Amino acid sequence: AEDDVLDEMYVVYDGKRQRSIKCFLDQMIKVNNKEYCLGYPVDTPVVLSRFDGDDDLVPLPTEDGAEASYYAFFDKAREALGLKNVELVDSAVVATVRGELEPEGGGGGGARVG
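In the numbering used here, the protein residues as written are 4 to 117.
Shown next as structure tokens:
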């Protein structure tokens, strides 16, 4: 019966942000007699990020006053990816992409956001 549960798609809902994300259930884990689920997104998870001064890739901040600039960039990134027939989604937990992203070295190049 557990195998039937693992084959199904579930929706994880973040009530605070009022966002959801579709996930496949990978494993059921019991900790201190409580059952937890380990799942992975149906769509491709992505991290919006930039290079800092040391050439390290860092995620764009989303908390405490940074939300406006994050979502301004998010909207531009959504538009740029839309030109590649890919949809950027503000899902619960992590941003996701619906559609096929070509690898940057695969001739398609990355989507430039400006």
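In this text, a Cβ means the ideal position worked out from N, Cα and C, and glycines have one as well. No experiment lies behind these values; they were computed from the predicted model shown.
Asked                                                                                          : Found
CA-to-CA distance, V15 to D29, given in whole angstroms                                        : 14 Å
Proximity test, A71 beta-carbon vs the ligand MG heavy atom, cut-off 7 Å                       : Among the components modelled here there is no ligand, and therefore nothing to report on the ligand MG.
Unbroken alpha helix (DSSP H) run spanning E70, endpoints                                      : E70 to G85
Per-residue burial, G111 [other beta carbons within 10 Å of its own, 16 or more giving buried] : Here the model assigns G111 a pLDDT of 46, short of 50, so the residue's position is not dependable, and the following value carries that caveat. By the 10 Å Cβ count, G111 comes out exposed.
Three-way DSSP call (helix, strand, coil) for L48 in this model                                : Rather than Leu, the amino acid found at residue 48 in this sequence is Pro. Note: P48 maps to strand in three-state DSSP.
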